[in-house]
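Everything below concerns the one structure shown next.
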Amino acid sequence: MARRIFHGFSLLAGIIFMLTLPPATLKSQTPTQGGTLDLLQLTAEAQTWLTDLIRINTSNPPGNELEAAKYIQSVLQKENVPAEILEMTPGRGIVIARLQAGPLPDSSRALLLLAHLDAVGVDRAGWSVDPFAGTQKDDYIYGRGAIDDKGMVAANLAAFIGLKRSGTRLSRDVIFLADDDEEQGGNASIKAVIERYWDKIACGFAINEGGNVVLKNGKVQSVAIQTSEKVAYNVMVTATGTSGHASIPQRDNPVVHLAAAVQKAGTLETPLHLLTMTRRYFEQLASVEDEDIAKWIRALDTSDRADLAALRLAAMNPVWNSMLRDTIAPTELTAGVRANVVPPQASANLNIRLLPGNSIQDVIDQMQKAVNDPQVKFTVQPDAGPSAPSSSITTELYQTIERLAPRQFPGAVVVPYLSTWATDSAYLRLHNVQSYGLVPFPLSEADILRMHGNDERIPITSFRVGIDFLYKAVHEFVTK
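Below, the structure is given as structure tokens:
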């Protein structure tokens, strides 16, 4: 019953959303510099590409992205666009294509359209449909990767092919890259691509996943452009003690000490810190939020209520809480080999996300103080994410999106966004690329929360509108 009510509400929200779209959105024939482009036809094709990509199981591990890369290569070949496949490791591949602005490319001006082909795994028992069938029902496309990130792959492909079909005269090169191993960040990831093939993707600007077009009550409330992201660490917490028969438990049982440590570390509230970019995010969001929220956002700028305002905002929304402080999330537990044996040690993984500029040692010091147990130690794992600079909000690309978004979504505000999750953009920013996260599809909180979860899905209406939005933003930027 709850599921049926939710579907009905979602369908109603979709109808309301369509009614709020400006008349210019999704016209069949869109004028371009080189003629006209049938965007309706293009979005219909992109819907097929997305469905086909979902049907190629690229769950990571193991990934097997090479098959998806070959599929994209075949789509591009039909458009007479050369596409190169690079096999990063056996069975794992990326695909690269380029539209050149002229005979002497300037990589500092080039735009990279980036998305990843891999997806997280699934628990089939929790799905109401086959996660790899691309099922369409109730104005949704269901499937693993529908939002993260095959929807973005299809949208980027549509924008790229749209430029080719339109005959637009480009002012800068446009590079298409569908990469692999984003979810695991291993030796086939964007880091490896940059190390081995930077000459093939060198660019000054990029559009990637990371930001969102936020749909609230059937209307786009905000366009959040990711300009920075938190830094991911994994920390192993280990408790040691005396091993022995479970019938004679001792006080130094490591499982007991680990459980207490995980509870204290996992519920630790680190200090709040309002970054300049996050302050700007809240300031611009205030105009479209309900008054009971907006008043606390405005209070961030007061000397006597700023700390209280940050606390209230953090308590209102788990995403805001994560944007305002370092977070600690226990994710894995390991202990014991038999039911009747007390093990000599027990361990747990803590996934920690730091605000840019913060120190992992500071967080470990806070946890050690909270746990206060000599049997417990914390060890930073070697798989930390990169700490990269923020992308500027004064570049041509950011300002192009900022200018176009309110025309596409009347009443919406554009906000710079610190994402709590990691993306490939961090590695690009380390190479002086102004990279911006923008998943262009209007999505509700309910749909966003399905990413990495059961019944991941994307509204077909939002998918089409997102392609229209992305194409127009890219077209405007690359024809200046």
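245 is the number of the first residue of the sequence shown in the numbering used here; add one for each residue after it. Glycine included, C-beta positions come from ideal geometry on N, C-alpha and C.
Beta-carbon separation (whole angstroms), residue i vs residue j, contact threshold 8 Å
i: L568; j: L518; result: 6 Å
i: V615; j: K508; result: 5 Å
i: V467; j: F721; result: At roughly 15 Å, the Cβ-Cβ gap does not stay under 8 Å, so V467 and F721 are not in contact.
i: V366; j: R342; result: With a Cβ gap of about 34 Å, V366 and R342 do not count as contacting.
i: M695; j: I300; result: That belief does not hold up - the Cβ atoms of M695 and I300 are roughly 18 Å apart, past 8 Å.
i: N478; j: Q625; result: 4 Å
i: G655; j: K460; result: The pair is not a contact, with the Cβ atoms about 11 Å apart (cut-off 8 Å).
i: N452; j: S663; result: About 11 Å separates the two Cβ atoms, so there is no contact after all.
i: T575; j: N595; result: 5 Å
i: A530; j: A543; result: Not quite, the Cβ-Cβ distance comes to about 10 Å (not below 8 Å), so this is no contact.
i: I469; j: G681; result: 7 Å
i: D617; j: A538; result: Actually they are not in contact, since the Cβ atoms of D617 and A538 sit about 44 Å apart, beyond 8 Å.
Identified DSSP bridge partners for residue i
i: R701; result: Y386
i: V658; result: V467
i: F622; result: V481
i: G681; result: N452 and Q470
i: R336; result: T333
i: E328; result: I340
Distance CB(residue i)-CB(residue j) smaller than 8 Å
i: W371; j: D699; result: yes
i: Q321; j: T484; result: no
i: V709; j: P686; result: yes
i: T354; j: R409; result: It should be pointed out that residue 354 corresponds to Ala in this sequence rather than to Thr. It is not a contact, given that the beta carbons lie outside the stated cut-off.
i: I385; j: I704; result: yes
i: Y661; j: T520; result: no
i: L641; j: F449; result: yes
i: G455; j: V683; result: yes
i: N304; j: D374; result: no
i: A590; j: A579; result: yes
i: V475; j: L598; result: yes
i: T412; j: T667; result: no
i: L414; j: I445; result: no
i: F707; j: G510; result: no
i: L286; j: G430; result: no
i: R336; j: L310; result: yes
i: K435; j: Y715; result: no
i: L512; j: A592; result: no
i: V532; j: Q465; result: yes
i: I340; j: M332; result: no
i: T295; j: G346; result: no
i: D425; j: S433; result: yes
i: K621; j: T482; result: yes
Residue i beta carbon near the ligand SAH (any heavy atom closer than 7 Å)
i: S351; result: Because no ligand of any kind appears in the structure shown, any question about the ligand SAH cannot be addressed here.
Measuring CB atoms only, is the segment 399 to 409 touching the segment 356 to 364, in the sense that at least three cross pairs come out at less than 8 Å? yes
Check whether the segment 487 to 504 and the segment 624 to 639 are in contact - that is, three or more C-beta pairs closer than 8 Å. These segments do not touch.
Completely contained beta strand (DSSP E) runs for the segment 444 to 488, where each covers 3 or more residues: 449 to 460, 463 to 473 and 475 to 484
Is the segment 638 to 646 close to the segment 687 to 701, with three or more CB pairs under 8 Å? Fewer than three beta-carbon pairs drawn from the segment 638 to 646 and the segment 687 to 701 are found closer than 8 Å, and the two stretches are therefore not classed as touching.
Answer yes if the segment 281 to 297 comes into contact with the segment 709 to 718, meaning at least three C-beta pairs across the two stretches below 8 Å, and no otherwise. yes
Unbroken beta strand (DSSP E) runs of length 3 or more, entirely within the segment 538 to 607: which are they? Fully enclosed beta strand (DSSP E) runs of 3 or longer: 571 to 579 and 589 to 598.
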